[in-house]
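Contents: one structure, followed by commentary.
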Amino acid sequence: ALLSAKHIVKYSEWFAAKDIPVEAIRVLVEALISSGIAMAIAGSTRPASGSEHLIAHAIDVIANYPALHGEEVGIGSIIALYLHGKNWRKIRDILRIIGAPTKAREIGIDREQLIKALTIAHTIRPERYTILGEMGISNEAAEKIVQILELC
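In full-length UniProt numbering, the protein residues as written are 1 to 152.
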């Protein structure tokens with residue numbers, strides 16, 4: 001799944017084009033197939049579904065499915081990368097380049113809903129350990145994350 005993500009990042013500018021090249025579609029399909037193979041080998045969605053997906057599902061619980069799953073996962077990915085100490089700005093910038101949402105309001109939720117989603121995300125699949133941990137993110141930490149990442 002990591003290889004799939006790196007492949008998409010490498011060719012992200014193609015997906016921002018007005019007329020997406022056929023080659024871009026090939027890259028996307030290969031990434032999806034590769035991710036699917038990783039999940040099949042693992043016997044679980046875990047290789048392609050971590051804390052970013054828990055955040056997306058928590059947003060759905062709090063706000064009754066306000067946006068497309070992938071859009072929510074994009075915002076969840078920015079947060080997850082920040083929590084992992086990785087380059088969250090790069091993914092945020094790529095999402096912006098391709099016209100994907102990077103702020104709560106762009107997916108139809110407000111600051112309070114996003115903060116609440118962050119505080120409950122760890123409960124979505126408690127058997128799946130992620131960077132969110134067993135205790136989750138406190139309200140204060142969620143507020144800080146939203147502020148630092150300028151998600152609202």
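Beta carbons are placed, not taken as given, at the ideal position from N, Cα and C, and that holds for glycine.
Since residue i and residue j should fall inside the 8 Å C-beta cutoff, what is the C-beta to C-beta distance between them, to a whole number of angstroms?
{"i": "Pro47", "j": "Ile75", "result": "The Cβ separation is near 21 Å, so there is no contact."}
For the alpha helix (DSSP H) containing residue i, name the first residue and the last one.
{"i": "Asn139", "result": "Asn139 to Ile148"}
{"i": "residue 153", "result": "Any answer about residue 153 is impossible in this case: the structure gives the chain only from 1 up to 152."}
{"i": "Arg26", "result": "Val22 to Ala42"}
{"i": "His7", "result": "Leu2 to Lys10"}
{"i": "Ile131", "result": "From DSSP, Ile131 is part of no alpha helix (DSSP H); its letter is neither H nor E."}
{"i": "Ser51", "result": "Ser51 to Ala63"}
{"i": "Glu112", "result": "Arg111 to Ile120"}
{"i": "Lys103", "result": "From DSSP, Lys103 is part of no alpha helix (DSSP H); its letter is neither H nor E."}
{"i": "residue 211", "result": "Only positions 1 to 152 of the chain appear in this structure, which leaves residue 211 out of reach."}
From this set, the options, which residue's C-alpha is nearest residue i's C-alpha?
{"i": "Ala104", "options": "Arg125, Ala56 and Ser49", "result": "Ala56"}
{"i": "Ser77", "options": "Ala17, Gly50 and Arg96", "result": "Gly50"}
{"i": "His84", "options": "Thr119, Gly133 and Ser34", "result": "Gly133"}
{"i": "Ile109", "options": "Thr45, Val146 and Lys86", "result": "Val146"}
{"i": "Leu2", "options": "Arg128, Glu71, Ala38 and His69", "result": "Ala38"}
{"i": "Ile115", "options": "Gly36, Ile62 and Leu68", "result": "Ile62"}
Problem - the stretch 3–16 contacting the stretch 25–45, beta-carbon criterion three pairs below 8 Å - result: Short answer: they touch.
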